[in-house]
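As numbered in numbering that gives the first Met the number 0, residues 0 to 139 make up the sequence shown, in order.
Read the structure below first, then the notes.
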Amino acid sequence: MSYTDWSLTLVQPFLQQLIAFVANLVLAIVVFIIGYLISVGIGKLVTEILKSVRFNKLFEKEGWRKALQRANVEVNPSEFIGAIFKWVFVIVSLLVAVDVLRLTAFAGFLTQVLNYVPNVLVAVLVFVVAIVISDIVENL
């Protein structure tokens, strides 16, 4: 075996794997950027839909905003829900990009994060309801 044959035997598989990894990396970046842009659009769309159906007015009418202000929490309900939608879709697009790179451990972590989101939403809802109930009780 000559030096040229030996170097091709070692270098060629390395270069093939490097090229495959770089191609997957570029694809993952493109997938994430497209997913992020779609996520931002979905978040804005949800926010605008909620504003058009006057979700914020309903929120204020029920006394929720006053109760949250007493807890020193400033929130625009439509924008908050739009941001939740946006970040859920950002995580999904990141999950797809990570799948392209075959990073199974990180994909598992992102799946756990997505599975935890409903728990956070319920906790926020319980917190807001508790504040509203506390406000109602104080006004009695």
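All C-beta atoms, glycine included, are put in the ideal place defined by N, C-alpha and C.
What would DSSP say about Asn75, mapped onto helix, strand or coil? coil
Please confirm whether Val91 and Val30 have their CB atoms less than 7 Å apart. no
Give a yes or no on contact between the segment 21-38 and the segment 95-113, applying the rule of three or more CB pairs nearer than 8 Å. yes
Given this structure, state the Cα-to-Cα distance separating Phe54 from Lys43, to the nearest angstrom. 14 Å
Residue nearest to Ser51 in terms of C-alpha spacing, selected from Leu36, Pro76, Ala122, Asn23: Pro76
Can you tell which of Thr110, Gln68, Val45, Ala104 has the C-alpha that lies nearest to the C-alpha of Phe79? Val45
Run the CB neighbour count on Gly34, radius 10 Å, all protein chains shown included, and call it buried at 16 or more, exposed below. buried
For Leu109, which of Gly40, Gly81, Trp86 has the nearest alpha-carbon? Trp86
Just to check my reading of the structure: Val89 and Ser133 have Cβ atoms closer than 8 Å, yes? What is that Cβ distance to the nearest angstrom? Contact flag wrong, Cβ pair sits at about 34 Å.
Residue from Leu14, Phe126, Ala106 with nearest C-alpha to Arg69: Phe126
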